[in-house]
Each structure stands twice: as structure tokens, then as C-alpha cells.
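Undergrad:
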Amino acid sequence: MKPEFTLQAINEYQPFLLDHLKSLLTIPSMYDESTTGKNKPFGQGIHEALEFMLALGESEGFNIKNVDGYAGHIEWGQGTDLIGVLGHLDVVPPGEGWSGDPFRPIISDGKLFARGAQDDKGPVMAAFIALKWLKDLGVQPNKRVRFIVGTDEERQWKCMKHYFEQEEMPSLGFSPDAKFPVIHAEKGLVDVELTKSTTMKQPEEVKASVLSLRGGERLNMVPEKATVTLSWNSAALPELFESFLKEDACEGEIIQQPSHWEITMKGKSAHAMEPNNGVNAFVSMVRFLQTIPIAEELKQDLKWISETLAPTRGERIGIACQDDVSGPLTVNIGQGSIENDKITLGLNMRYPVTEDFDKLFAIFKEEANSQGFEETIIEHLESIFLEKDHPFVQQLLNVYKKHTPNQENVAPIAIGGATYARALEQGVAYGALFDDSPDTAHNADEHVRIDDLMKAALIYAEALYDLVTD
Numbered sequence: 001m002k003p004e005f006t007l008q009a010i011n012e013y014q015p016f017l018l019d020h021l022k023s024l025l026t027i028p029s030m031y032d033e034s035t036t037g038k039n040k041p042f043g044q045g046i047h048e049a050l051e052f053m054l055a056l057g058e059s060e061g062f063n064i065k066n067v068d069g070y071a072g073h074i075e076w077g078q079g080t081d082l083i084g085v086l087g088h089l090d091v092v093p094p095g096e097g098w099s100g101d102p103f104r105p106i107i108s109d110g111k112l113f114a115r116g117a118q119d120d121k122g123p124v125m126a127a128f129i130a131l132k133w134l135k136d137l138g139v140q141p142n143k144r145v146r147f148i149v150g151t152d153e154e155r156q157w158k159c160m161k162h163y164f165e166q167e168e169m170p171s172l173g174f175s176p177d178a179k180f181p182v183i184h185a186e187k188g189l190v191d192v193e194l195t196k197s198t199t200m201k202q203p204e205e206v207k208a209s210v211l212s213l214r215g216g217e218r219l220n221m222v223p224e225k226a227t228v229t230l231s232w233n234s235a236a237l238p239e240l241f242e243s244f245l246k247e248d249a250c251e252g253e254i255i256q257q258p259s260h261w262e263i264t265m266k267g268k269s270a271h272a273m274e275p276n277n278g279v280n281a282f283v284s285m286v287r288f289l290q291t292i293p294i295a296e297e298l299k300q301d302l303k304w305i306s307e308t309l310a311p312t313r314g315e316r317i318g319i320a321c322q323d324d325v326s327g328p329l330t331v332n333i334g335q336g337s338i339e340n341d342k343i344t345l346g347l348n349m350r351y352p353v354t355e356d357f358d359k360l361f362a363i364f365k366e367e368a369n370s371q372g373f374e375e376t377i378i379e380h381l382e383s384i385f386l387e388k389d390h391p392f393v394q395q396l397l398n399v400y401k402k403h404t405p406n407q408e409n410v411a412p413i414a415i416g417g418a419t420y421a422r423a424l425e426q427g428v429a430y431g432a433l434f435d436d437s438p439d440t441a442h443n444a445d446e447h448v449r450i451d452d453l454m455k456a457a458l459i460y461a462e463a464l465y466d467l468v469t470d
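Here full-length UniProt numbering is used: the first residue of the sequence shown is 1, the next is one more, and so on.
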């Protein structure tokens with residue numbers, strides 16, 4: 001007989017979830033090259049998070065495996081068929097603007113605040129609770145469920161590549177790293193580096209020289225901060241900067257040092273899947289530098305960056321497009337630097353699922369090359385797409401509808417984000433955000449509603465029950 005899947009029943013696991021989730025959130029599991037080593041390919045913090053999660057799985061009686069520190073899995077059930085649940089334990093850098101310590105979890109007004117609370121440690125723990133509940137109920141599955149936890153989702157996905165070179169591919173699965181009801185399509189994603197030599201120094205009579213410019217931490221984040229070191233013997237600079245800020249969406253500050261000026265531009269971070277939700281501090285700084293008498297060659301390069309490259313739909317490059325399945329192409333300048341007469345830019349572009357990547361990139365390459373920039377593809381994740389009426393999609397959708405009022409007519413959706421669903425031969429993203437959930441991933445004061453986590457755990461539990469007992 002099928003168990004009763006109710007919020008009242010799953011809420012008994014809330015203390016367990018919060019206790020272990022808060023412990024996991026205290027681990028600063030960001031990529032750290034300085035602490036990489038054997039079985040620690042992404043650094044000490046990520047290693048500790050993976051060890052924590054696998055130890056928790058083992059303590060609850062699941063079979064576990066650590067695959068060389070790249071990823072691991074927690075397995076339950078028996079049979080030849082394998083269902084995958086894929087989440088990640090790495091997080092983006094906290095950035096600035098937090099009300100408290102991003103790695104000291106705080107509960108306030110029913111919300112849990114910490115870096116990773118929403119992306120993706122909270123949903124990971126919700127999925128784990130779902131598995132634990134089924135096991136505690138004594139459910140006898142006729143398939144295996146493998147909860148795969150990765151550690152390089154926010155960067156280059158080397159974790160999944162290494163894992164699936166050694167481990168079995170599930171026949172189908174889902175990733176709790178997006179939103180409900182079901183994500184049946186994800187845009188293609190490409191990270192690109194552009195480089196070009198330029199002239200930073202100025203003739204004696206002009207005197208304004210950019211000594212260095214830096215902005216952004218990750219390609220998949222809108223830069224919230226950019227800094228420039230400027231040599232210019234002009235008392236008018238602070239007034240020019242303040243005037244620019246009044247017309248721009250950023251804030252900033254300027255400090256005069258004995259030999260130079262230090263200028264900081266502050267924007268608003270957001271996920272690169274929708275750059276318009278943020279304010280790009282690097283692009284704003286690039287625009288500001290064009291208002292002062294810097295080297296003409298550099299000024300022209302900055303003009304191209306701000307006017308042609310920066311528009312977030314790719315319209316000035318000639319690659320703007322959209323489809324009915326997944327929406328418009330997006331472009332995010334996530335990182336930029338100018339040092340030693342060299343411009344380096346890092347871009348994150350996401351293209352609709354029905355578009356031809358090779359055709360789009362050829363247009364982009366031609367435009368960049370025409371301006372003297374050389375391009376290098378850092379990473380390319382092809383789009384994924386399961387039809388809305390696919391039986392697996394419909395099975396997950398029906399469980400969501402059962403536990404979510406007034407959602408009878410809801411349909412699967414597409415996103416611009418990239419989830420581990422792409423690592424599967426047949427995969428989708430499934431929660432853990434609901435329609436009215438605040439999306440705070442990658443932002444300061446990232447948080448998740450505790451009720452949302454418990455409801456997601458309930459949905460995951462019934463969905464997994466249906467998958468392993470049909």
C-alpha cells in the first residue's frame with residue numbers, strides 16, 4: 001500500500017534537516033586553488049562539504065562512494081534500473097553586502113540565511129530527507145536511486161565529467177537546483193574569453209592613464225564591483241565621477257592617493273541567466289572611463305565593449321534571437337581586466353534550445369575578431385530538451401500538482417540556467433523554488449524559506465516513490 005505523503009508527516013524531519021543543513025552551510029565550499037591536492041581537486045572547503053554529506057549518508061545506512069574527491073553518491077534500493085538525483089555542494093563567493101557572516105547560518109522569519117542556502121545545499125538536504133523518509137518507511141524499491149553530489153557546478157563541471165567517466169549513467173533523473181513545476185528545457189551555455197592588446201599609457205601632454213581595471217568574480221554572475229587605478233593630475237576627477245554616478249544605476253567611491261586615484265564602482269549582482277536582474281559594475285566603469293581623456297586606442301576599445309558587447313540580448317553583435325521554448329539569448333560580461341596593455345574579458349552566453357550554436361558563434365567570432373579581439377571557448381554546455389508530454393516529465397509534474405494548490409493548468413517550463421540535468425542522458429530540473437519563492441541565488445543575504453524546503457522534500461519523496469515502485 002502506498003504511504004500517505006503529507007506535510008504533517010515530512011515536517012517531523014524538519015529538526016533533522018535544519019540541524020544538518022546548518023552544519024553544511026558553515027563550510028565555505030568555494031573553489032580554492034591554493035588548497036587543492038590529492039583527492040581535493042577543488043580545494044579544502046569543497047572537500048570538507050563532500051566528506052560531510054557522504055558521512056551523513058553513511059550514518060543513515062545508505063551505501064556511499066567518494067569518486068576521487070570530484071563527486072560522490074549516496075545509494076538506496078536494488079535492481080538493475082538506476083534513477084539519478086543530482087545536486088551540488090560548491091557555492092559561489094559570497095561577495096559584498098551581507099547583513100552578517102555568509103557562512104554563519106541564521107534563521108529569521110521562517111527563512112534560513114547563508115551562502116548556499118538556496119543554491120544548492122538547501123535543496124540537496126531536502127532531497128536527502130526525501131530518501132531518508134522512504135528508507136525509514138520501509139519502502140521496498142525495485143530500482144536503485146543514486147543521489148549524486150557534485151562539487152564544481154559553479155565553475156566548469158569537471159566533477160560530473162570525472163564522475164561519469166567511472167560510474168554508471170542513470171536511465172533518467174532530476175536535479176533539485178532550479179524551480180518547480182518541471183524544467184524540461186535548458187538553454188545552451190558557453191563561456192568565452194576575449195583578449196586584445198591595447199595602449200594604456202598616455203602622451204605627456206594628456207596625462208590621464210589607466211593603470212589597471214578589474215571587475216567581476218565569476219562568469220555566471222553579474223559583476224557587483226569594479227575597481228580602477230588611474231593616474232591623472234586633475235582635481236576635477238571627483239566631480240566628473242559624481243556627475244556620472246547621478247546618471248548611472250551604480251554607486252561608487254573615489255580615493256586620492258599620493259601618485260594615483262583609486263575608483264570603485266558598485267553595482268548589483270545577479271545570476272547570469274538573466275543579466276537584466278543585476279547592474280553590471282564593470283560595464284558602468286567602462287562607460288565612465290570614456291568620459292575622461294584616456295588613451296584614444298583604449299577609449300575606442302572600451303566604446304566597443306560598452307556599446308556593442310555589453311547589451312544583454314546580443315543585439316549589437318548580431319546574434320539576438322529567441323524561441324517559444326526557452327526565450328531570448330542572453331550575454332553577460334562576468335569578468336574583465338585591463339593590465340599591462342592587455343584587455344581580458346570573460347563572457348557567459350546562453351542561447352535558445354532550438355538555435356544553431358555554430359551559426360551564432362561564427363557571427364560572434366567575426367565581430368570580435370574585427371575589433372582585434374581573440375576568442376577562446378572555455379566551456380560549452382549544449383542545450384537540453386525533453387518534450388512537455390514525455391512520460392517522465394508528466395510523472396513529475398503530476399506529483400507537483402498534487403501538493404500545490406491552484407496549479408491544475410501549470411505546464412513544464414524552460415530556463416536559461418544550467419543544472420546537472422545536462423549531465424544526464426535524460427534529465428530535468430525539478431524544484432526546489434516555487435512560484436512565489438524569492439530567488440536569492442548568488443545574491444547577498446541568500447536565503448531559503450524553510451517551509452519551501454519541507455514542501456520540496458515532500459514532493460521529492462512521492463516522486464521518487466512513484467519512480468522506484470512502478
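Ideal Cβ positions, reconstructed from N, Cα and C, are used throughout, including at glycine.
For Phe-357, which option in Glu-382, Leu-211, Ile-333 has the closest C-alpha, if you only look at C-alpha atoms?
TA: On the sequence shown, residue 357 is found 357 positions in, with the first residue counted as 1. The option with the nearest alpha carbon to Phe-357 is Glu-382.
Undergrad: Name, in chain order, the residues that DSSP records as bridge partners for Trp-261.
TA: Within the sequence shown, the letter at position 261 stands for residue 261. Per DSSP, Leu-230, Gln-256.
Undergrad: Contact defined as beta carbons within less than 8 Å: I believe residue 516 pairs with His-162. What is the distance between those atoms, to the nearest angstrom?
TA: There is no way to answer for residue 516, as the model of the chain reaches only from 1 to 470.
Undergrad: Whose C-alpha, out of Lys-201, Asp-323, Leu-347, is nearest the C-alpha of Val-222?
TA: In the sequence shown, the residue the question calls residue 222 occupies position 222. Checking every option, the nearest Cα to that of Val-222 belongs to Leu-347.
Undergrad: Near Asp-191, which residues of its chain fall below 6 Å by C-beta distance, leaving aside the five closest residues on each side in sequence?
TA: As a working note, residue 191 is residue 191 in the sequence shown. Taken in chain order, the residues that qualify are Leu-219, Asn-348, Ile-378, Glu-379.
Undergrad: Short of 6 Å in beta carbon distance, which residues of its chain neighbour Met-125, apart from the five on each side in sequence? Order them along the chain.
TA: Against the sequence shown, residue 125 aligns to sequence position 125. Result list for Met-125: Leu-17, Leu-21, in chain order.
Undergrad: May I ask which residues mark the beginning and end of the beta strand (DSSP E) holding Val-331?
TA: One-based indexing of the sequence shown puts residue 331 at position 331. Start and end: 330-339.
Undergrad: At the level of alpha carbons, what is the spacing between Pro-275 and Thr-80?
TA: To locate residue 275, count along the sequence shown from 1; it is residue 275. To locate residue 80, count along the sequence shown from 1; it is residue 80. Approximately 43 Å between the Cα atoms of the pair.
Undergrad: Curious, which full-length beta strand (DSSP E) runs of at least 3 residues does the UniProt domain "Peptidase M20 dimerisation" (261-371) contain?
TA: Whole beta strand (DSSP E) segments, 3+ residues: 261-266, 330-339, 342-351.
Undergrad: Following the continuous alpha helix (DSSP H) through Val-399, name the residue where it begins and the one where it ends.
TA: Indexing the sequence shown from 1 puts residue 399 at position 399. That run of the alpha helix (DSSP H) goes 391-402.
Undergrad: If you scan the stretch 139-175 from start to end, which runs of the beta strand (DSSP E) of 3 or more residues do you find wholly inside it?
TA: As far as the stretch 139-175 is concerned, its whole beta strand (DSSP E) runs of at least 3 residues are 144-150, 172-175.
Undergrad: Quick check on Met-1: buried or exposed, where buried means 16 or more other Cβ atoms within 10 Å of its Cβ?
TA: Sequence index remark: in the sequence shown, residue 1 carries index 1 (1-based). By the neighbour-count rule (16 or more Cβ atoms within 10 Å), Met-1 is not buried but exposed.
Undergrad: Would Pro-181 and Tyr-460 be called neighbours here (beta carbons separated by less than 9 Å)?
TA: As a first step, residue 181 is located in the sequence shown; it is residue number 181 there, counting from the start. As a first step, residue 460 is located in the sequence shown; it is residue number 460 there, counting from the start. No.
Undergrad: Evaluate Gly-95 with the Cβ neighbour count: other Cβ atoms within 10 Å of its Cβ, from every protein chain shown; 16 or more gives buried, anything less gives exposed.
TA: To locate residue 95, count along the sequence shown from 1; it is residue 95. Burial call: buried.
Undergrad: Whole beta strand (DSSP E) runs in the stretch 97-131 with 3 or more residues, listed along the chain?
TA: Runs of the beta strand (DSSP E) inside the stretch 97-131: 106-108, 111-113.
Undergrad: Please classify Thr-312 as buried or exposed, where buried requires at least 16 neighbouring CB atoms within 10 angstroms.
TA: Along the sequence shown, read from residue 1 onward, the residue named residue 312 stands at position 312. When all chains shown are included, Thr-312 counts as buried.
Undergrad: For Leu-386, count neighbouring Cβ atoms within 10 angstroms of its own Cβ and tell me buried if that reaches 16, exposed if not.
TA: Numbered from its first residue, the sequence shown carries residue 386 at position 386. Buried, since its Cβ has 16 or more Cβ neighbours within 10 Å.
Undergrad: Sort out for me which residues DSSP pairs Gly-422 with in a bridge.
TA: Taking the sequence shown and counting its residues from 1, the one referred to as residue 422 is at position 422. Strictly speaking, residue 422 in this sequence is Arg, with Gly absent from that position. According to DSSP, Arg-422 bridges with nothing at all.
Undergrad: Taking the C-alpha atoms as reference points, what is the distance between Gly-427 and Asp-436?
TA: Here residue 427 refers to the residue found at position 427 of the sequence shown. Here residue 436 refers to the residue found at position 436 of the sequence shown. Going by the C-alpha atoms only, they are around 24 Å apart.
Undergrad: Over what stretch of residues does the alpha helix (DSSP H) that includes Gly-45 continue unbroken?
TA: On the sequence shown, position 45 is the one that residue 45 refers to. Where Gly-45 is concerned, the enclosing alpha helix (DSSP H) stretches over 44-59.
Undergrad: Going by C-alpha distance, which of Ala-236, Glu-217, Lys-196, Ile-263 is nearest Val-228?
TA: Residue numbering aside, residue 228 sits at position 228 when the sequence shown is read from its first letter. It is Ile-263 whose Cα lies nearest to the Cα of Val-228.
Undergrad: So for Val-468, helix, strand or coil by DSSP?
TA: Looking up residue 468 in the sequence shown gives position 468. In the structure shown, Val-468 sits in a helix (DSSP, three-state: H, G or I).
Undergrad: Using a Cβ-Cβ cut-off of 9 Å, state whether Ser-383 counts as contacting chain B.
TA: As a matter of chain content, chain B is missing from the structure shown, which is built from one protein chain.
Undergrad: Thinking just about the alpha-carbon of each residue, which of Ile-106, Pro-41, Leu-211 is nearest to the one in Asp-341?
TA: Here the question's residue 341 lines up with position 341 in the sequence shown. Of Ile-106, Pro-41, Leu-211, the residue nearest in Cα terms is Leu-211.
Undergrad: Which whole-angstrom value is the C-beta distance of Val-283 and Ser-306, which I expect to be below 8 Å?
TA: Mapped onto the sequence shown, residue 283 falls at position 283. Mapped onto the sequence shown, residue 306 falls at position 306. Right, their Cβ atoms sit about 6 Å apart.
Undergrad: Nearest by alpha-carbon distance to Ser-231: which of Leu-189, Arg-287, Ile-292, Lys-225 is it?
TA: Position 231 of the sequence shown, counted from the first residue, corresponds to residue 231. Considering only alpha carbons, the answer is Ile-292.
Undergrad: Is it true that the CB of Lys-201 sits closer than 9 Å to the CB of Asn-233?
TA: Start at 1 with the first residue of the sequence shown, and residue 233 comes out as number 233. Start at 1 with the first residue of the sequence shown, and residue 201 comes out as number 201. No, the Cβ-Cβ distance between Asn-233 and Lys-201 is not below 9 Å.
Undergrad: So Leu-18 is in the beta strand (DSSP E); what residue range does that whole segment cover?
TA: Residue 18 sits at position 18 when you count from the first residue of the sequence shown. Note, Leu-18: premise wrong, no beta strand (DSSP E); alpha helix (DSSP H) at 14-25.
Undergrad: Could you have a look at Thr-440 and say whether DSSP puts it in helix, strand or coil?
TA: Translated into positions along the sequence shown, residue 440 becomes position 440. In this structure, Thr-440 counts as coil in the three-state DSSP scheme.
Undergrad: Pull the bridge partners of Val-210 from the DSSP assignment, please.
TA: Residue mapping note: residue 210 aligns to position 210 of the sequence shown, counting from 1. Paired residues: Leu-230.
Undergrad: Return the Cβ separation of Ala-62 and Ile-46 in integer angstroms, given the expectation that the two are a contact with Cβ distance under 8 Å.
TA: Working through the sequence shown from its first residue, we reach residue 62 at position 62. Working through the sequence shown from its first residue, we reach residue 46 at position 46. The question names Ala, yet the displayed sequence has Phe at residue 62. 21 Å between Cβ atoms; not a contact.
Undergrad: Report the option in Thr-404, Tyr-351, Arg-316 whose CA atom is closest to the CA atom of Glu-367.
TA: On the sequence shown, position 367 is the one that residue 367 refers to. Out of Thr-404, Tyr-351, Arg-316, Arg-316 has the C-alpha closest to the C-alpha of Glu-367.
Undergrad: Using CA atoms only, rank isn't needed, just tell me which of Val-325, Leu-396, Ile-338, Gly-336 is closest to Ile-384.
TA: In the sequence shown, the residue the question calls residue 384 occupies position 384. Ranking Val-325, Leu-396, Ile-338, Gly-336 by Cα distance to Ile-384 puts Val-325 first.
Undergrad: Can you look up Asp-136 in the DSSP assignment and give me helix, strand or coil?
TA: As a working note, residue 136 is residue 136 in the sequence shown. Note: Asp-136 maps to helix in three-state DSSP.
Undergrad: In this structure, how does DSSP classify Met-221 when only helix, strand and coil are distinguished?
TA: Translated into positions along the sequence shown, residue 221 becomes position 221. Correct three-state label for Met-221: strand.
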